[in-house]
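Under our numbering, the residues of the sequence shown are numbered 262 to 393, in order. Below is one structure; the comments refer to it alone.
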Amino acid sequence: MPKPLADLTIPKADEVNVEACRENEVPQTPVTPVSAEGLASLQNLIIEQDASALDETSKRNLQRHLHKLAKAAQLSLAEGALHKKHIRFLLTVNSEAKVRQSTTSLVLGKAKVMGYEELIEAQEKRAKKDAT
């Protein structure tokens, strides 16, 4: 089983400082959220800052759409995590199967397909042999 990753510090969208840039500077882009908390933080940032200049109807529509976006992104991340976990499980099962397939088989004896009459006959022979 792999070791857990060290604690990663991922800044939230409202913690990143974005300043105006000059013509010769490359603008700093916001951090792309990779977790459900980051997506929720980005949603709150957009609702609180970007939606402040809109009228009431536009704000409600923007909030509704952003809520749908955030929910879809959270579901997508959760589904991706489940897929990764399932793939890891399948890989471990596959590696166990490879070990079983690589072992050599040992032949213990020969087998014979028997009908009902032959079974009765064999039981009678065994009973006679055990009785003597």
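Quick reminder that beta carbons are idealized off the backbone N, C-alpha and C, glycines included. All values reported here derive from a predicted model rather than from experimental measurement.
- Bounds of the alpha helix (DSSP H) holding L343 are 317 to 363.
- For A388, the uninterrupted alpha helix (DSSP H) segment begins and ends at 377 to 392.
- Pairing A339 with L300 gives a Cβ-Cβ distance that is not under 9 Å.
- Between L323 and L315 the beta-carbon gap is near 6 Å, inside 8 Å, which marks them as a contact.
- L303 counts as buried, since no fewer than 16 other beta carbons sit within 10 angstroms of its beta carbon.
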